[in-house]
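Novice:
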Amino acid sequence: MSTEKTIQTEIGSYISTVLRQHFGKGPTSVYVTLNRPFITVHFRGFLLPMEANLLKQNETKRVLETRDLMMEDLKPAIIQGLKRVAALEVKELYADWNLEKKTGMIIAVLDEELDENVLKWPDGLDEKAFREQLEQASNKAEKIPGRTETYWLSDRTVLVRRSEILIRIEKALIRNGFTEELKIAKRPLEHEVLQEVQLEAALNRRISETFLDWNFDTDVSYIVFLLEPNHP
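Position one of the sequence shown corresponds to residue -18 (this note's numbering), numbered consecutively onward.
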């Protein structure tokens, strides 16, 4: 097994253990994509019995708030844990959930230089058209980002980094302590506008899942698109 494959296995095992220890239940499967300086951890079969009951009572907001708060508390421990088990220096962590599909995503950004040649897009795909559709979606929700970067992590994983995305009212809400409320409001809105633009046409692929999260302190957002297999 290659070193990178070994690291991916260790990351997957560690994240499964952390989720089980802190949420009381681990995912049924974990899939790790490592393409430095980015790591994505996609997990399936992750929904607690109590959460399932809350969802039946239309308490989605409550479930998301609880998960977000727990992940915020867990981030320092996960950063230290990844350093211990895989010798990875993690700079930032992001997370998002798809409660309907019982899936989730953790995005780790390593404290390493980014090599755009490694993360470049396959020939024949129009990265510029994809970026333009992303900016159109961002403009529907708030404004065109100051910068939109798109990275091809694997045949099934596209990562997007947007910076300078917050508008003045959002910055005011953050200053006044409404960070979680803003995240809960922005999450479904962002998912909605991403579905309204022609991302799949630009990729010439079906998108199976979309995950996104923000760092409001640095005015940065990450999006991960999981793609359907590319059948010949």
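Note that the Cβ used here is the ideal one computed from N, Cα and C, for glycine as well.
Are there 16 or more other CB atoms within 10 angstroms of the CB of Ser119, so buried, or fewer, so exposed?
Specialist: Locating residue 119 in the sequence shown gives position 138, where the first residue counts as 1. Buried is the call here.
Novice: With a threshold of 16 other CB atoms inside 10 Å of the CB of Asp104, please say whether the residue is buried or exposed.
Specialist: To locate residue 104, count along the sequence shown from 1; it is residue 123. Exposed, by the Cβ-count rule.
Novice: Look at Arg1 and Gly(-7) and say whether their C-beta atoms are less than 7 Å apart.
Specialist: On the sequence shown, position 20 is the one that residue 1 refers to. On the sequence shown, position 12 is the one that residue -7 refers to. Their beta carbons are not under 7 Å apart, which means Arg1 does not touch Gly(-7) by this criterion.
Novice: Alpha carbon to alpha carbon, how far is Thr199 from Pro126?
Specialist: For the purposes of this step, residue 199 is taken as residue 218 along the sequence shown, with counting starting at 1. For the purposes of this step, residue 126 is taken as residue 145 along the sequence shown, with counting starting at 1. Cα to Cα, the separation comes out at about 13 Å.
Novice: Below 8 Å on the Cβ atoms is my guess for Tyr12 versus Tyr203; work out the distance and round it to an integer in Å.
Specialist: Looking up residue 12 in the sequence shown gives position 31. Looking up residue 203 in the sequence shown gives position 222. That belief does not hold up - the Cβ atoms of Tyr12 and Tyr203 are roughly 17 Å apart, past 8 Å.
Novice: Is Ala110 helix, strand or coil by DSSP?
Specialist: The residue labelled residue 110 in the question sits at position 129 within the sequence shown. In the structure shown, Ala110 sits in a helix (DSSP, three-state: H, G or I).
Novice: The beta strand (DSSP E) that contains Thr201, what's its start and end?
Specialist: If you number the sequence shown from 1, residue 201 lands on position 220. What sits at residue 201 in the sequence shown is Val, not Thr. That run of the beta strand (DSSP E) goes Val201 to Leu208.
Novice: Assess, as a yes-or-no matter, whether the region 132 to 139 is touched by the region 86 to 106 under the definition of 3 or more beta carbon pairs within less than 8 Å.
Specialist: The region 86 to 106, when compared against the region 132 to 139, does touch it at the 8 Å Cβ threshold.
Novice: Flag this pair as yes or no: are the beta carbons of Gly85 and Phe24 separated by less than 7 Å?
Specialist: In the sequence shown, counting from the first residue as 1, residue 85 sits at position 104. In the sequence shown, counting from the first residue as 1, residue 24 sits at position 43. Cβ atoms of Gly85 and Phe24: closer than 7 Å.
Novice: State the Cα-Cα distance for the pair Met(-18) and Phe206, rounded to the nearest angstrom.
Specialist: As a first step, residue -18 is located in the sequence shown; it is residue number 1 there, counting from the start. As a first step, residue 206 is located in the sequence shown; it is residue number 225 there, counting from the start. Low local confidence applies: a pLDDT of 46 at Met(-18) is under 50, so the model's placement there is unreliable, with the coordinate-based value given in what follows. If you take the alpha carbons of Met(-18) and Phe206, they lie about 27 Å apart.
Novice: Quick check: what's the CA-CA separation for Met52 versus Gly5?
Specialist: On the sequence shown, residue 52 is found 71 positions in, with the first residue counted as 1. On the sequence shown, residue 5 is found 24 positions in, with the first residue counted as 1. Cα to Cα, the separation comes out at about 14 Å.
Novice: Mind checking Glu161: buried by the 16 CB within 10 Å criterion, or exposed?
Specialist: The sequence position of residue 161 within the sequence shown is 180, counting from 1. By the 10 Å Cβ count, Glu161 comes out exposed.
Novice: Rounded to whole angstroms, how far is the Cβ of Asp107 from the Cβ of Ala183, which I believe are closer than 8 Å?
Specialist: Against the sequence shown, residue 107 aligns to sequence position 126. Against the sequence shown, residue 183 aligns to sequence position 202. Contact holds; Cβ gap of about 6 Å.
Novice: Quick one: grab the DSSP three-state call for Val178.
Specialist: The residue labelled residue 178 in the question sits at position 197 within the sequence shown. Three-state DSSP puts Val178 in coil, outside helix and strand.
Novice: Could you name the residues of the same chain whose beta carbon sits closer than 7 Å to that of Arg65, not counting the 5 residues immediately before and after it, in chain order?
Specialist: Here residue 65 corresponds to residue number 84 of the sequence shown, with the count starting at 1. None.
Novice: What are the boundary residues of the beta strand (DSSP E) that includes Glu190?
Specialist: Within the sequence shown, the letter at position 209 stands for residue 190. Taken as a continuous stretch (DSSP letters only), the beta strand (DSSP E) holding Glu190 covers Ile188 to Asn196.
Novice: Quick check on Ile87: does DSSP put it in helix, strand or coil?
Specialist: Against the sequence shown, residue 87 aligns to sequence position 106. Strand, per DSSP.
Novice: Could you check what DSSP says for Ala68 in three-state terms: helix, strand or coil?
Specialist: Within the sequence shown, the letter at position 87 stands for residue 68. Looking at Ala68 - three-state DSSP - the assignment turns out to be coil, as it is neither helix nor strand.
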